[in-house]
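All remarks here apply to the structure that follows.
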RNA sequence: GCACCUGUAGCUCAGUUUGGAUAGAGCACUUGCCUCCUAAGCAAGGGGUCAGAGGUUCAAGUCCUCUCAGGUGCACCA
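What follows is the structure in structure tokens.
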């Protein structure tokens, strides 16, 4: 429909079609028209008042069977489309089988990156929600996407829980979810450290032993890492996440040094007096150590190597790191160094920097016990959902379990995705997770309602013949027609919140329609069934892009 | 101190990328709607110096400058 308007305009207006496309907007109220073209830009070109231009154009442009009316309202040229044919085209287009987009290129999405000393928390849930959603949006638009994870499974923070376990664990085996079991020792380390500051040195010694590959130390490390990873995997599988490949820091941290030699050869890196290797990145980024005096590599060195390794593994066209904004500086430095090293992939790296999840009392702190644990949160929300279900109907235990998990995950994911990723999210345990209004369950509910209509109608193959259209039907058709644009926008901005906002607006309009326009046994049943079907398909796709599953009944 | 990010209704957020018609939702609050396809819903109502000040422009929540407030980073931790 837009194309028709563009073609019409391009005959009378000295602008490229692309420019016209950019300018066309949707008026704030449908009384004004369906599409509009603001004439301000032409005012300079023609040296005339934009209102005059609009009214002249409104006389020149000819209406057709698709464009019924063209009216100038002030400086805007407003188009009224033939709503019946627009409705037919839109619905047909949606109900048609979707051709798969051609593969555009290979994109790696790295997310999660857990430490193997404690269970996942709410921050990880945001990370995974964004990572999964971005991956799906990319894939939907034709990218060949691979999801990768990295376990930060070595280092001073890992030996903390090991040390506490050695001292106080008495070789016990996990008596609860194993990542929580290990996490308790991590917390215990912090507590004991206050009483006994000497532990910090003990911890350093333990790390040294690990680096020297002391057998006993490696055995504890392996055992505890296995426990944590098992627990973490359980959580992210429950959350609906899968990775194509998982990397382990412990397996690469020694090899990371290879990259240092390359930099020295190229004259980029320099040896300091004490034998540490450094790079000077000028005033803005400063001096960075890349290899310690004791010849061990640091975090950034491993990331440098890992980027190279991933390029070897996948020959990606793009690598997107989903990492919190506390690491903005780190990624600036990382990309800068890889650029200086002149690696071919270095220009295709991108940091999707998302904001922290904070609590009303501030940042989550493990020391103060204010960490919102992922497993606990999911369980709590699921229990709330169970109560809601039980209020409504009697179901088997199995069915309650099934539905409550999907609904609670929808509530959590949607809560984390509806806010622009770059912004901080305030999580208020009392208020944040609810099931009404702009929430995941509201969207699932609209889907279930649509499904219920289709199930209950006796007409199984409704014909698409439109007699006349109500205001709500027009609104719904228009919103449905904007799905493609919404996805494209989410793709180019890598922003799931755009999809979330679209989904909510769509569901809202559907619910208005639901109340205003009865489907079953109405004169318009055939057409309305088509409309409901189209809605069902689009809302399902939108929710899929957010990583949210639909329910046929709720 | 330096760098980056944020500031829109009581609360949580859209809208700022690319300036354009009357600044929108949700929650909370007040009312109405289940003999009607699922009330996790719908309808109506009150609630705004778009942090502040200047500037650019025919036009600024949106662009520029400064100020104020909050957050994050500035590790040979990962």
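In this note's numbering, the protein residues as written are 947 to 1500.
Beta carbons: idealized from backbone N, C-alpha and C, even for Gly.
With respect to the 8 Å criterion, residue 1178 and residue 1021 are not classified as neighbours on the basis of their beta carbons. With a cutoff of 8 Å on beta-carbon distance, residue 1437 and residue 1082 are scored as not near each other.
The DSSP-derived three-state label of residue 1018 is strand. A direct Cα-to-Cα measurement between residue 976 and residue 947 gives close to 16 Å. Shown here, residue 1373 sits in coil according to DSSP, grouped into three states, outside any helix or strand. In this structure, the beta-carbon distance from residue 1098 to residue 1060 falls below 8 Å. Residues of the same chain with a CB within less than 8 Å of the CB of residue 1368, apart from the 5 flanking positions on each side, are 1271, 1299, 1300, 1301 in chain order.
Here residue 969 is near residue 987, since their CB atoms are less than 8 Å apart. Taking a cut-off of 8 Å on C-beta distances, the stretch 1235-1243 touches the stretch 1207-1226, as three or more cross pairs fall below it. The Cβ-Cβ distance between residue 1476 and residue 1415 does not fall below 8 Å. Closest by C-alpha distance to residue 1283, out of 1154, 1038, 1206, 1402, is 1206.
Boundaries for residue 1318: no beta strand (DSSP E) harbours it, and the DSSP string shows neither H nor E there. Annotated three-state conformation of residue 1407 is coil, per DSSP. A straight-line Cα-Cα distance of about 29 Å links residue 955 and residue 1087.
Residue 1162 and residue 1132 have their alpha carbons spaced roughly 19 Å apart. Judged by DSSP secondary structure, residue 1296 falls within the beta strand (DSSP E) whose first and last residues are 1295-1300.
Straight across, the Cα-Cα distance linking residue 1010 with residue 1035 is about 16 Å. For residue 1247, there is no enclosing beta strand (DSSP E); the residue is part of the alpha helix (DSSP H) that begins and ends at 1245-1260. When only Cα atoms are considered, residue 1297 and residue 1199 end up about 22 Å apart. At a Cβ-Cβ threshold of 8 Å, residue 1096 and residue 1295 do not count as neighbours. 8 Å or more divides the Cβ of residue 999 from the Cβ of residue 1013. Within the same chain, and ignoring the five residues on either side of residue 1418 in sequence, the residues whose Cβ sits closer than 8 Å to its Cβ are 1455, 1458, 1459, 1462, 1463. Annotation for residue 1075: 1359, 1362, 1363 place their beta carbon closer than 6 Å to its own, counting only its chain and skipping 5 residues before and after.
Around the C-beta of residue 1275, fewer than 16 other C-beta atoms lie within 10 Å, and the residue is accordingly described as exposed.
Taking the Cα positions, residue 1120 is about 14 Å away from residue 1114.
When DSSP states are grouped into helix, strand and coil, residue 1136 belongs to the helix group. Shortest Cα-Cα distance from residue 1185 to any of 1169, 1233, 1068, 1110 involves 1068. For residue 1479 and residue 1195, the gap between their C-alpha atoms comes out near 48 Å. Counting along the chain, residue 1189 sits inside no beta strand (DSSP E), nor does DSSP assign it H or E at all. The stretch 1328-1337 and the stretch 1345-1357 touch, with no fewer than 3 CB-CB distances between them shorter than 8 Å.
Residue 1316 counts as exposed, since fewer than 16 other beta carbons sit within 10 angstroms of its beta carbon. Counting along the chain, the unbroken beta strand (DSSP E) around residue 1264 starts and ends at 1264-1270. Per DSSP, the continuous alpha helix (DSSP H) segment holding residue 1393 begins and ends at 1386-1402. Excluding its 5 nearest sequence neighbours in each direction, residue 1234 has C-beta neighbours in its own chain below 7 Å: 1224, 1225, 1227, 1246, 1279, listed in chain order. Here residue 1265 is not near residue 1058, since their CB atoms are 8 Å or more apart.
DSSP assignment within the stretch 963-989 yields the following whole beta strand (DSSP E) runs of 3 residues or more, N-terminal first: 981-984.
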